[in-house]
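Quick note, the sequence shown lines up with residues 1 to 670 if you use UniProt numbering.
Think of the CB as a built atom: it goes at the ideal place given N, C-alpha and C, for glycine as much as any other residue.
Okay, so here's the structure we're looking at.
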Amino acid sequence: MKKINKLMKLWLLTCVSTLVIGFQSCGDYLDVDDYIDQMTSLDSVFSRKSLLEQYINGAAQYLPNEGNLWTDSPTPFQGASDENFTSWNDNRHAAIKFLLDEITPYSTYYNNYPRYYQGIRMALTSLQRMHEVPDVTDIERRELMGRCYFLVGYYYYQLLLQYGPIPIVPEIPFDVETPVEAMSLERGTYDECIAEIKKYMLLAAQYLPLESESSITATIPTRWAAIATLSRITLYAASPWYNGNGFYSDWVRKSDGAHFIPQEKDNEKWGVAAAYAKYIIDSNKYNLYWTPKKPDSRALPGGVTSDPNYYEHYPEGAAGIDHYRSLTYPFNGELPVMINPEFIYACAPRTTGDSPLWISSPYLLGGGNGLNLVQDLVNAFSMVDGQDINHSSANYPYPDNNHNYLEIGGSNQAFSGYTLLAKTAQMYNNREPRFYATVGYCHSFWAGTSSTDNNFRNKEVTYYSDGYAAASPDHPEDYNRSGYTCIKYNHSEDNMKATGAVRAKYFPIFRYAETLLNYVEAINELEAPYTMEIINGDQESVERNTAEIVKYFNLVRYRAGLPGITEADARDRDEVRDLIKHERRVEFACEGHRYHDLRRWGNDAMTAYNRPITGMNVKARSTDRKSFYTTTQLNDKLTRRSFSYKNYFYPIPKSVLDKNKNLVQNPEWN
């Protein structure tokens with residue numbers, strides 16, 4: 001019996017709380033002798049610095065590569081947003097299964113729960129035993145401690161994003177003598193999880209360096225990466241779905257009846273979120289990237305009267321910069337990461353394989369041709385003068401259905417290195433710069449200039465049924481189904497054919513534009529001034545200030561070449577809230593934000609996901625332009641979305657629940 005109890009403890013130690021030391025399969029953990037061998041190996045880890053660094057790097061290996069947005073993505077966040085869908089429903093594009101109601105607690109897709117706890121275990125073990133390593137200096141130890149604190153906080157953050165409230169493990173990892181019942185942990189409440197993330201990120205901020213030293217260390221977190229994590233997650237915590245949401249009134253913890261989601265609205269949570277964002281702003285460490293106007297830069301539209309500062313030079317207005325280049329260079333590999341003032345924390349570049357470039361590019365340019373943006377996202381991009389397409393101005397009108405399909409005509413237009421072809425439909429003419437930086441449409445120009453083969457460069461890509469990007473007989477499913485793709489991560493040199501090359505691109509996990517919009521959103525909701533200590537005695541005081549709302553919101557708008565808002569606009573809290581929602585949708589399109597924004601805002605997710613998916617009529621041939629450019633409801637097996645309240649959280653794997661009887665499933669997944 002004693003032997004069985006010991007085995008049971010080991011099983012719980014590794015599979016229930018997922019407190020894992022090595023990288024063997026679960027079956028190995030049932031062997032006591034093997035456990036002792038691993039402990040012996042672990043002792044050697046803390047005998048010298050090189051092994052300690054390897055172990056900490058091993059703890060970091062479970063971090064998701066958040067730049068893998070669609071293919072073999074580590075999380076469902078981008079693939080299961082309302083912005084897009086993939087042309088395949090398979091293991092490598094499993095996020096679409098979440099949209100199609102094909103995920104269950106028995107599914108193995110995105111099973112990050114045990115992996116993230118493995119990372120937590122290894123980081124906590126490193127913190128507990130780091131003092132044993134003899135050849136680590138105090139300075140080196142501080143930075144390694146900072147990395148470990150960051151890892152623990154970031155894994156908790158990722159767990160909370162995917163699963164909602166989760167168990168919080170002890171700082172000192174369980175050992176083999178720990179009673180079984182002590183290892184069967186209940187979930188923490190949402191607020192308890194936020195507090196735990198805060199604790200570790202603030203500790204990380206005290207030890208991590210203020211900046212990266214080189215491109216080699218650009219993906220290692222700094223103090224500001226820790227604060228940016230807090231800026232984002234506390235904004236989520238302040239938002240309606242997680243702050244006084246009565247929908248979860250009967251979702252309570254068994255042991256004490258505590259609500260997993262707080263039932264009383266706390267307006268001061270907006271103050272916390274605002275303070276973290278303002279701390280980054282006040283550091284003067286980051287800026288929005290911009291490049292000066294060049295001879296081929298697109299001129300600002302004339303006749304804009306809504307914003308008296310619009311024609312002032314940036315940052316006081318929108319003049320004097322090249323908006324398209326300012327928007328694209330941080331994403332397409334043109335701007336080296338070490339001189340990019342906007343990226344706070346980034347993923348390492350991926351230049352080959354299943355990258356965002358691959359899935360968006362046509363098959364004949366070496367791509368997968370399998371990413372589809374939806375019409376709702378395309379329509380969210382404004383006209384060049386900032387007017388919504390449904391309320392366009394006389395100077396820059398959005399064409400009606402009798403004219404939207406017609407060619408722009410004349411000669412090809414070129415600005416800022418972008419080519420607008422003469423055959424482009426009028427519905428895509430005179431759109432804001434972010435439209436051209438993000439959306440690939442029928443008759444887009446794909447340069448691919450790194451290829452030496454003229455058959456695979458400088459191509460006009462069309463999505464007609466007989467178009468350049470149509471499916472081939474060998475790959476009948478590899479075609480675009482909406483008439484749109486994402487080109488945000490594409491460089492004009494990129495070409496995946498044999499003689500071509502691809503620019504290395506870092507993916508921004510946190511960037512300064514988010515910090516600005518986080519701050520504006522948070523202070524807009526504040527009902528009273530709020531003061532908070534951030535770190536080392538540094539304080540931030542925040543309040544709803546219309547001048548600050550205008551200043552920081554307009555920095556994003558002006559960089560995009562659009563008119564800003566005025567203080568009169570900023571006085572209306574509801575109007576500002578709607579403006580922020582729209583701005584985040586467009587500014588952060590296809591960056592992994594939308595999934596979380598829709599959910600935290602409340603019923604916005606139910607509305608957005610349950611709308612019919614529309615796009616262009618890709619069944620039309622090139623001889624029938626009007627039919628192609630007719631907005632069409634996409635009735636495809638890949639577009640039959642199903643969203644209900646259960647989809648606000650991803651289900652906890654049934655295998656995890658079976659091993660921990662104190663763990664409860666997310667609402668409506670039983």
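Exposure of residue i, with buried meaning 16 or more beta-carbon neighbours within 10 Å
{"i": "residue 210", "result": "exposed"}
{"i": "residue 139", "result": "exposed"}
{"i": "residue 410", "result": "exposed"}
{"i": "residue 331", "result": "buried"}
{"i": "residue 448", "result": "buried"}
{"i": "residue 659", "result": "buried"}
{"i": "residue 35", "result": "With a pLDDT of 39 at residue 35, under the threshold of 50, the modelled position of that residue is not reliable, and no figure is offered here."}
Close-in-space but distant-in-sequence residues of the same chain around residue i (CB under 7 Å, 5 per side omitted)
{"i": "residue 203", "result": "149"}
{"i": "residue 527", "result": "267"}
{"i": "residue 597", "result": "584"}
{"i": "residue 171", "result": "124"}
Pairwise C-alpha distance: residue j and residue i
{"i": "residue 63", "j": "residue 155", "result": "7 Å"}
{"i": "residue 315", "j": "residue 561", "result": "11 Å"}
{"i": "residue 303", "j": "residue 413", "result": "22 Å"}
{"i": "residue 28", "j": "residue 483", "result": "In this predicted model, residue 28 has a pLDDT of only 30, less than 50, meaning its place in the structure is not dependable enough to derive any value."}
{"i": "residue 479", "j": "residue 207", "result": "49 Å"}
{"i": "residue 196", "j": "residue 257", "result": "20 Å"}
{"i": "residue 632", "j": "residue 578", "result": "27 Å"}
{"i": "residue 574", "j": "residue 566", "result": "15 Å"}
{"i": "residue 53", "j": "residue 250", "result": "45 Å"}
{"i": "residue 290", "j": "residue 666", "result": "44 Å"}
{"i": "residue 76", "j": "residue 308", "result": "43 Å"}
{"i": "residue 90", "j": "residue 111", "result": "16 Å"}
{"i": "residue 428", "j": "residue 418", "result": "14 Å"}
{"i": "residue 502", "j": "residue 326", "result": "20 Å"}
{"i": "residue 674", "j": "residue 530", "result": "Here the chain comprises residues numbered 1 to 670, so residue 674 is not present and cannot be evaluated."}
{"i": "residue 611", "j": "residue 621", "result": "27 Å"}
{"i": "residue 364", "j": "residue 639", "result": "25 Å"}
{"i": "residue 137", "j": "residue 130", "result": "11 Å"}
{"i": "residue 102", "j": "residue 408", "result": "43 Å"}
{"i": "residue 395", "j": "residue 426", "result": "14 Å"}
{"i": "residue 269", "j": "residue 146", "result": "26 Å"}
{"i": "residue 401", "j": "residue 424", "result": "15 Å"}
{"i": "residue 613", "j": "residue 634", "result": "6 Å"}
{"i": "residue 599", "j": "residue 454", "result": "46 Å"}
{"i": "residue 318", "j": "residue 485", "result": "28 Å"}
Expected contact under 8 Å - CB spacing of residue i and residue j to nearest Å
{"i": "residue 436", "j": "residue 218", "result": "Going by Cβ atoms, the distance from residue 436 to residue 218 rounds to 28 Å, so no, they are not a contact pair."}
{"i": "residue 649", "j": "residue 609", "result": "Not really, about 14 Å apart at Cβ, beyond 8 Å."}
{"i": "residue 120", "j": "residue 45", "result": "Not confirmed; about 17 Å, so no contact."}
{"i": "residue 481", "j": "residue 615", "result": "7 Å"}
{"i": "residue 508", "j": "residue 346", "result": "5 Å"}
{"i": "residue 191", "j": "residue 105", "result": "About 25 Å separates the two Cβ atoms, so there is no contact after all."}
N-terminal and C-terminal residue of the alpha helix (DSSP H) that residue i is part of
{"i": "residue 447", "result": "Unbroken run through residue 447: none, as it is neither H nor E."}
{"i": "residue 126", "result": "112-129"}
{"i": "residue 678", "result": "In the structure displayed, the chain extends from 1 to 670; residue 678 sits before or after that span and is not available."}
{"i": "residue 553", "result": "546-559"}
{"i": "residue 50", "result": "49-60"}
{"i": "residue 332", "result": "323-332"}
{"i": "residue 227", "result": "223-238"}
{"i": "residue 608", "result": "604-609"}
{"i": "residue 568", "result": "567-570"}
Contacts around residue i, its chain only, beta-carbon distance under 8 Å, and the 5 residues preceding and following it disregarded
{"i": "residue 516", "result": "277, 281, 288, 552, 553, 555, 556"}
{"i": "residue 689", "result": "No information on residue 689 is available, as it lies outside the stretch 1 to 670 that the chain covers here."}
{"i": "residue 583", "result": "517, 553, 556, 557"}
{"i": "residue 33", "result": "For residue 33, the predicted model reports a pLDDT of 42, less than 50, meaning its position is unreliable; a value from the coordinates is still stated below. For residue 33, where only same-chain residues beyond five positions count, there are no Cβ hits under 8 Å."}
{"i": "residue 392", "result": "383, 398"}
{"i": "residue 431", "result": "381, 382, 383, 384"}
{"i": "residue 543", "result": "523, 526, 528, 529, 530"}
Any non-hydrogen atom of the ligand MN closer than 6 Å to residue i Cβ
{"i": "residue 595", "result": "In the structure on display, the ligand MN does not appear, and there are no ligands present to speak of."}
Cβ shell of residue i (< 6 Å), same chain only, five flanking positions each side left out
{"i": "residue 662", "result": "184, 186"}
{"i": "residue 72", "result": "92, 354"}
{"i": "residue 541", "result": "531"}
{"i": "residue 359", "result": "70, 71, 368, 370, 371"}
Residue interval of the beta strand (DSSP E) (run including residue i)
{"i": "residue 507", "result": "507-511"}
{"i": "residue 98", "result": "Element bounds for residue 98: not the beta strand (DSSP E) but the alpha helix (DSSP H), 95-99."}
{"i": "residue 344", "result": "343-347"}
{"i": "residue 272", "result": "Taken as a continuous stretch (DSSP letters only), residue 272 belongs to no beta strand (DSSP E), being part of the alpha helix (DSSP H) at 268-282."}
{"i": "residue 152", "result": "Run containing residue 152: none in the beta strand (DSSP E); it sits in the alpha helix (DSSP H), 138-163."}
{"i": "residue 533", "result": "530-535"}
Cutoff 7 Å: residue i Cβ touching any chain C Cβ
{"i": "residue 610", "result": "Reference to chain C is not applicable here, since this structure consists of a single protein chain."}
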